[in-house]
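The structure appears right after this line, and notes come after that.
There are 2 protein chains.
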Amino acid sequence: MAVYTEVSDEALAGFLAEYDIGKLIAFRGIAEGVENSNYALRTEAGDFILTLYEKRVVPADLPWFLGLMEHLAERGIPCPLPVHGRDGQALRVLCGRQAAITTFLPGVWPRRVRLAHCAPLGAALAALHLAGRDYAPERVNALGPASWASLFAHAAGDADRIRPGLRAELEAALHGILEAWPEDLPRGQIHADLFPDNVFFLDGKLSGLIDFYFAATELLAYDLAICLNAWCFEPDYSFNVTKARALLGAYDAARPLLQAERAALPVLCQGAALRFVLTRLFDWINTPSGALVTRKDPLDYVRRLRFNLAAKDAGAYGF
Amino acid sequence: MAVYTEVSDEALAGFLAEYDIGKLIAFRGIAEGVENSNYALRTEAGDFILTLYEKRVVPADLPWFLGLMEHLAERGIPCPLPVHGRDGQALRVLCGRQAAITTFLPGVWPRRVRLAHCAPLGAALAALHLAGRDYAPERVNALGPASWASLFAHAAGDADRIRPGLRAELEAALHGILEAWPEDLPRGQIHADLFPDNVFFLDGKLSGLIDFYFAATELLAYDLAICLNAWCFEPDYSFNVTKARALLGAYDAARPLLQAERAALPVLCQGAALRFVLTRLFDWINTPSGALVTRKDPLDYVRRLRFNLAAKDAGAYGF
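First to last, the sequence lines map onto chains A and B. So in my numbering the end of the first sequence lands on 319, straight run, no missing numbers. So in my numbering the end of the second sequence lands on 1319, straight run, no missing numbers.
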């Protein structure tokens, strides 16, 4: 739920005057999104999203994110297209925050993942990776494997307060994963946060991919691992291998996975689970009670981590 | 910030099938509104708001609220018009909650009140009161003067924890206000919660009045008192008599105030301030820390209460 920065009508009017999108018709805060302030904006030119970037986004990264979205949108990926102002800029300051206007995407994110969502997701992820190949600038994944030991060190002291034994369990997993982490797989631009609430569907078709503010230059198959964890576990934490097969099959049909990528799936999925355990643990410990942000339970991802630690090979994912 | 109930895509599809408004195009949670879950809904027929009524709204009151909105909208008041389903009903159940679809209103609510907003507000409030005259069913104001002693009793024990001396200050005010409360002023349907975030403006004109879920049958001038408190104090709690004069003047031009209503303005404004002190105090004490609701500071309205207690007559409001 996210509107952290209130925008006055005068400030909004001044901001919109920098664009060629006609007069303001409506402006409402959007509840979705936990990192930034998002507003649904309607002008005479149509519907847009206005985003104010809050503290978790590093301002210096914004041109990279917006450039990637523009690059992908121009290549047919259904992602928000940054709107340029009269001065050519897509990024400017509003209420003391960096801010941008992007196009509105139709569709609804699936509150409950069904099998029918998984193949379109896999195909869209492969298309995103292919379309990103000629986006040259790179962004280090600030939440990639190199960050996990430090994240663990910050959160470890409190892990056992959440569940006794969690600290030792995570420490063992961290060491094993980093030791086995593959380095020589194909790299490129990944979304890195493609959870169901970032994917819209309309009439059974995938209609939008949003929220590129964790995107980075990383192992492509790691993005697939993030999706396997986010889309293929049932609410009781059982793993739905039919969903996984649909996701992987559709991805592989568009961008065939190398043998080394297939073989690395278990450790990639372990790492992808650990990354969300660690950041959720960090947020759990550091979110003041009374804050407006919903804390996500780190244990949801500990359950996923355990499944992936027990996986012997790509066969565990139906592949 | 409010989306308390998540609506699955299957539940939404089933719900929309009861209406004649075409296929779903988009569906986003809206951050505004603290009592209910609100979604921006787009279908082939246009834009709508889907509201799920949460626990604070008594289900038995909903037909009255929706009936009032329909009555007012038909008489030209720019308020949401409930959309009827194929079965003729405007109210049905979705995800275990009573729910309704209403029309979308253009405009933006003023984050900072300017003088130019006050006359249109006064005129719209008078028009609402006039248009409500032939809406026959009555609703007792559950947060009217008869409720204040009981609200005070629930909150009094903790008042001094918020500010030492607050309990005695509120008790004295409560007794004085109830003793002086006028009973024989014109009554009718009032909005009872017309704060700036419930009023939209577009191109300098008032374009929408929303959130009728505190509406009740009550002294009409009490609604004006609620608006004086909500619109005419500056952020430093100084009273802007020019704004008050604009609000009262525009109201009076459309529905001339009786001499008794003018004379009662101080006590009506005192009561209107006390009502929000008491409910905010109650929420402050009873909101668990970590809840997603923003608690509003009761002391904001204590400051308004003091100004109104010092007001000798309507002259204090520029009238």
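In this text, a Cβ means the ideal position worked out from N, Cα and C, and glycines have one as well. Since we're looking at a predicted model, the values are computed, not measured.
C-alpha gap between Pro362/A and Leu72/A, whole angstroms: In the structure as shown, chain A begins at 1 and stops at 319. Residue 362/A is therefore absent and cannot be evaluated.
Any idea what DSSP makes of Thr242/A, helix, strand or coil? Of the three classes helix, strand and coil, the one that applies to Thr242/A here is helix, per DSSP.
Distance check for Gly1067/B and Arg28/A, CA to CA, integer angstroms please. Their Cα atoms are separated by approximately 25 Å.
Assuming contact is defined by CB atoms lying nearer than 8 Å, are Leu115/A and Ala316/A in contact in what I supplied? For the 8 Å CB-CB criterion, Leu115/A and Ala316/A do not form a contact.
Beta carbon proximity, Asp1211/B to chain A, threshold 8 Å: False, the Cβ-Cβ gap to chain A never drops below 8 Å.
Cβ of Ile1285/B less than 8 Å from any chain A Cβ? It does not: the Cβ of Ile1285/B has no partner Cβ on chain A nearer than 8 Å.
Whose CA, out of Tyr19/A, Cys269/A, Ile162/A, Thr217/A, lies closest to the CA of Ile101/A? Looking at the Cα atoms, Tyr19/A is the closest of the given residues.
What are the residues in the stretch 106-129 of chain A lying within 8 Å of chain B by C-beta distance? Result list: Pro106, Gly107, Val108, Pro110, Arg111, Arg112.
Cβ atoms of Tyr301/A and Arg280/A: under 8 Å apart, would you say? Contact flag set, yes.
Use the C-beta contact count for Lys1243/B: other C-beta atoms within 10 angstroms, 16 or more gives buried, fewer gives exposed. By the neighbour-count criterion, in which 16 or more other beta carbons inside 10 Å mark a residue as buried, Lys1243/B falls on the buried side.
Hey, could you find the ends of the alpha helix (DSSP H) Ala1099/B is sitting in? Not the alpha helix (DSSP H): Ala1099/B falls in the beta strand (DSSP E), residues 1097-1103.
Three or more beta-carbon pairs under 8 Å between the stretch 231-242 of chain A and the stretch 200-211 of chain A, yes or no? No, they do not touch.
Which value, in whole angstroms, describes the spacing of the CA atoms of Phe1065/B and Gln1098/B? The straight-line gap from Cα to Cα measures roughly 13 Å.
In chain order, which alpha helix (DSSP H) runs of at least 4 residues are fully inside the stretch 1122-1163 of chain B? You should have 1145-1162.
Quick check: what's the CA-CA separation for Asp1223/B versus Asp1297/B? Spanning the two alpha carbons is a distance of roughly 21 Å.
Figure out for me which residue from Ile49/A, Leu24/A, Val83/A has the closest Cα to the Cα of Thr43/A. With distances taken between Cα atoms, Thr43/A lies closest to Leu24/A.
Using DSSP with H/G/I as helix, E/B as strand and the rest coil, what is Tyr1251/B? Looking at Tyr1251/B - three-state DSSP - the assignment turns out to be helix.
When you check each C-beta in the stretch 1025-1049 of chain B against every C-beta of chain A, which residues fall closer than 9 Å? Within the stretch 1025-1049 of chain B, Ile1025, Ala1026, Phe1027, Arg1028, Gly1029, Ile1030, Ala1031, Glu1032, Ser1037, Asn1038, Tyr1039, Ala1040, Arg1042, Asp1047 place their CB atoms closer than 9 Å to a CB of chain A, listed in sequence order.
Any Cβ of chain A within less than 8 Å of the Cβ of Leu1202/B? Taking Cβ atoms only, chain A reaches closer than 8 Å to Leu1202/B, which makes this a yes.
Anything in the stretch 7-18 of chain A with a Cβ closer than 9 Å to a Cβ of chain B? List those residues in chain order, please. Listed in sequence order: Val7, Ser8, Asp9, Glu10, Ala11, Leu12.
Quick one: is the Cβ of Leu1128/B within less than 7 Å of any heavy atom of the ligand COA? The ligand COA is absent from the structure shown, which contains no ligand whatsoever.
Buried/exposed call for Asp1087/B, threshold 16 Cβ in 10 Å: Flag for Asp1087/B reads exposed.
Do Leu1248/B and Ala1273/B have their beta-carbon atoms positioned less than 8 Å apart in this structure? Cβ atoms of Ala1273/B and Leu1248/B: not closer than 8 Å.
When DSSP builds the beta bridges, which residues end up paired with Tyr1237/B? For Tyr1237/B, DSSP assigns no beta-bridge partner whatsoever.
Residue burial classification, Ser1037/B (beta-carbon count within 10 angstroms, cutoff 16): Label assigned to Ser1037/B: buried.
Determine, using beta-carbon pairs with one atom in the stretch 1187-1197 of chain B and one in the stretch 1225-1235 of chain B, whether at least three such pairs fall under 8 Å. Touching, yes, given that three or more Cβ pairs across the two stretches are closer than 8 Å.
Applying the criterion that 16 or more other CB atoms from any shown protein chain within 10 Å of the CB defines a buried residue, is Gly46/A buried or exposed? The residue in question, Gly46/A, is exposed, as its Cβ has fewer than 16 Cβ neighbours within 10 Å.
Residues in the same chain with beta-carbon distance under 6 Å from Pro1182/B, minus the five sequence neighbours each way, listed in chain order, please. The answer, listed in chain order, is Ala1264.
Just the Cα atoms here: how many angstroms apart are Leu1143/B and Val1113/B? Straight-line spacing of the CA atoms in Leu1143/B and Val1113/B works out to 26 Å.
In whole angstroms, give me the CA-to-CA distance for Arg1133/B and Cys1232/B. Between the alpha carbons of Arg1133/B and Cys1232/B lies a gap of roughly 27 Å.
Would you say Pro1298/B reaches chain E, if we count a Cβ-Cβ gap shorter than 8 Å as a contact? Here chain E cannot be found, since the structure's protein chains are A and B.
With respect to the alpha helix (DSSP H) encompassing Glu218/A, which residues constitute its N-terminal and C-terminal limits? The continuous stretches of alpha helix (DSSP H) do not include Glu218/A, which lies in the beta strand (DSSP E) extending over residues 216-219.
Identified DSSP bridge partners for Ala26/A: Checking the DSSP bridge columns, you'll see Ala26/A partnered with Arg42/A, Gly1107/B.
Can you tell me where the alpha helix (DSSP H) with Gly1176/B in it begins and where it stops? Unbroken alpha helix (DSSP H) run through Gly1176/B: 1166-1180.
Burial state of Glu261/A, where buried means 16 or more other Cβ atoms lie within 10 Å: Burial call: buried.
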